[in-house]
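Engineer: Heads up: the protein sequence lines correspond to chains A and B, in order.
Under the numbering used here, the residues of the first sequence are numbered 33 to 161, in order.
Under the numbering used here, the residues of the second sequence are numbered 33 to 161, in order.
From the three backbone atoms N, C-alpha and C, an ideal C-beta is built for every residue, glycine too.
Have a look at this one before I ask anything.
There are 2 protein chains.
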Amino acid sequence: MNFSKQRELILHALTQNPIHPTADKLYELIRPFMPTISLATVYRNLNQLVDNGIIRKISGLDGSVHYDHCVEKHYHFICTCCNKVYDVPYDVAQDLEQKLKSLTGLEAQSSDLTFKGICSVCQKSKKGD
Amino acid sequence: MNFSKQRELILHALTQNPIHPTADKLYELIRPFMPTISLATVYRNLNQLVDNGIIRKISGLDGSVHYDHCVEKHYHFICTCCNKVYDVPYDVAQDLEQKLKSLTGLEAQSSDLTFKGICSVCQKSKKGD
DNA sequence: ACTGATAATAATAATTATTATCAATTTTAT
DNA sequence: ATAAAATTGATAATAATTATTATTATCAGT
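This is the structure:
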């Protein structure tokens, strides 16, 4: 992977906006700084960054894929009401790959744990109605 | 939900083909038995069955969503080589929602754990080359 | 500084996946 | 049997992603 301004911007936008954005949201975030950037470039770079283990994909939300700049092990909580993605600390479940191997023999390179529910913000606003 | 032949067939195809198929794959599987069924009907019914907790969605594979007839708690292993989806028994990780709550306070309605790696079939065939 | 090889880009077309629309048909409860 | 509600097939519309193509940027080696 060579250096490119576009890739820098995408990575920077991901790091500065820990909102687990989609490719499209990133495109929006970056355009003010580089109006000429192409959506295809965003997609291409995101895929490359994922392939190189620099960022992570989060799927599970309906429709589009979200991205996460944080490589440290952690999980996600998706609010089914506001669709926000929250981080969940690693100690909720540890060494899952190891347990998988000892129980089934399968060797996983990665694991992805995602919870779904209603976040506290949405629970409060619902009560307030 | 009313009864309909189409829904019966979709559910039956899912149960008889534990390959975690996509909507499109199910369409293929069903057409020999009912050539007039519409792809839209397949999508519509899958969504309804998911909403009623009769089947489950599996996302995480690139592209399309896969479906699982089994409602019993279990997880998945996706082979990055052949793209097959294997079932992983529940005892690999138990009571995750409870641990989430006690550690973070978040209340999850569901959790989804997916491993990725290369299955034994693909590992063997690679060695054989 | 210049060059060739390669990688990356913008713009857009193409593809794939899914949902919405709607008139016609089927199912269910009366 | 019949009316209301639900479901269907066909297709259009939308959304998400990937592929294409001509052009431009990067970088190691002159």
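At least one CB of chain A closer than 9 Å to the CB of residue 147 of chain B: is that the case?
Structural biologist: Chain A contact via Cβ: present.
Engineer: Residues of chain B with CB under 7 Å from residue 109 of chain A, in chain order?
Structural biologist: Chain B residues near residue 109 of chain A: 138 and 140.
Engineer: Just mark residue 64 of chain A as buried or exposed, buried being the case when its beta carbon has 16 or more other beta carbons within 10 Å.
Structural biologist: With fewer than 16 Cβ atoms within 10 Å of its Cβ, residue 64 of chain A is classed as exposed.
Engineer: For residue 120 of chain B, which residues of its own chain have a beta-carbon under 8 Å away from its beta-carbon, when the five flanking residues on both sides are left out?
Structural biologist: So the list reads 106, 107, 108, 109, 145 and 147, once near-sequence residues are dropped.
Engineer: What does the Cβ neighbour count give for residue 81 of chain B, buried or exposed, with the cut at 16 atoms within 10 Å?
Structural biologist: It is buried - the Cβ of residue 81 of chain B has at least 16 other Cβ atoms within 10 Å.
Engineer: For residue 142 of chain A and residue 149 of chain B, I'd like the C-alpha separation in whole angstroms.
Structural biologist: Answer to the nearest angstrom: the Cα atoms are 7 Å apart.
Engineer: Start and end of the alpha helix (DSSP H) containing residue 44 of chain A?
Structural biologist: From DSSP, the alpha helix (DSSP H) with residue 44 of chain A extends over 37-48.
Engineer: Establish whether the CB of residue 151 of chain A and some CB of chain B are separated by less than 9 Å.
Structural biologist: Yes, contact with chain B.
Engineer: Just to confirm my understanding: we take residue 140 of chain A, look at its own chain, exclude 5 residues before and 5 after, and list those with CB closer than 6 Å. What are they?
Structural biologist: Within the same chain, residue 140 of chain A has close Cβ partners 129 and 132.
Engineer: Determine the closest residue to residue 76 of chain B out of B/112, B/102, B/33 and B/90, with distance taken between C-alpha atoms.
Structural biologist: Checked all of B/112, B/102, B/33 and B/90; the closest Cα to residue 76 of chain B is B/33.
Engineer: Could you list which residues in chain B have their beta carbon closer than 9 Å to that of residue 96 of chain A, in chain order?
Structural biologist: The contacting residues do not exist; residue 96 of chain A stays about 11 Å from chain B at best.
Engineer: Identify whether residue 142 of chain A lies in helix, strand or coil by the three-state DSSP scheme.
Structural biologist: DSSP places residue 142 of chain A in strand when its eight states are reduced to three.
Engineer: Residue 129 of chain A versus chain B: which residues are under 9 Å apart at the beta carbon?
Structural biologist: Those within 9 Å of residue 129 of chain A in chain B are 147 and 149.
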